[in-house]
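Residue numbers (full-length UniProt numbering): 1 to 198.
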C-alpha cells in the first residue's frame, strides 16, 4: 500500500524548509504526482538548494516545463550540469544552463532513441563492400554527402522512435551515396536539369 501524495501545504513546507520561494503554480503542479515522484523532484530541488538558494529558485520555477519534457534522471543530469557551471562561473552561468532546457531535453531524447554512428560504422562499412566489392571510407560530418572516396554521415540519427528504424535510415543513406558514386549521378548538371522547370 502506497502513501497518499503530499498535499499543497506539505510541499510548500518542504520548499520553506529549503528557504526556496516558488510560485504557487509550481506547488500546485507537484500535487498531481504520486508521492515517490513528488519526493524525487523535491530531493532534486534540495540538491540545488544545498548549492545555492538562487539556483534552487531558478530550477524550481522551471520544474513544471522540465517535467513535461524529461525523465527524472535527465532532470537530475541537467541540474548537475548547472551545478558544475555554478562552481566555475557562478549563478548567471548556471542560469544559462537552466535556460537550455529544451536543448537538454532534445539531446536526452536523441540518446534514448537515436543510434550513434560509432555503433553502426563497422556494419555499414561491410554493407558498402557488399554492394559492389569496392571499399569506401565512412566518416561523420554535419552534412550527408560523398566525395567519391568517403561517405559522410551524421554522428547520430534520431529521425524515428525506434533504433532499428534509425539504423535502416543509415543503410538507406549509404545506398543512396554509394549509388551516386557507382552511377556517377553527382556529375549531373543540376542547373541544366532545373532549367526545364522554368
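From the three backbone atoms N, C-alpha and C, an ideal C-beta is built for every residue, glycine too.
- Here residue 32 is exposed. Its C-beta has fewer than 16 other C-beta atoms within 10 Å.
- Per DSSP, the unbroken beta strand (DSSP E) holding residue 140 starts and ends at 137-140.
- Taken through DSSP and simplified to helix, strand or coil, residue 63 comes out as helix.
- Distance check between residue 144 and each of 135, 192, 174 places 174 closest, using alpha-carbon atoms only.
- For residue 127, the enclosing alpha helix (DSSP H) has its first and last residue at 117-132.
- Beta bridge pairing from DSSP links residue 150 with 137.
- In this structure, residue 97 sits near residue 82, with a CB-CB distance shorter than 8 Å.
- Distance from the Cα of residue 66 is smallest, within the candidate group 30, 16, 169, for 30.
- Non-local beta-carbon contacts of residue 157 in its own chain, meaning distances under 7 Å to residues more than five positions away in sequence, involve 114, 115, 166, 169, 170 in chain order.
- The bridge partners DSSP lists for residue 156 are 116.
- Residue 170 sits in a helix when the DSSP states are folded into three classes.
- If you check the CB distance, residue 70 and residue 105 come in under 8 Å.
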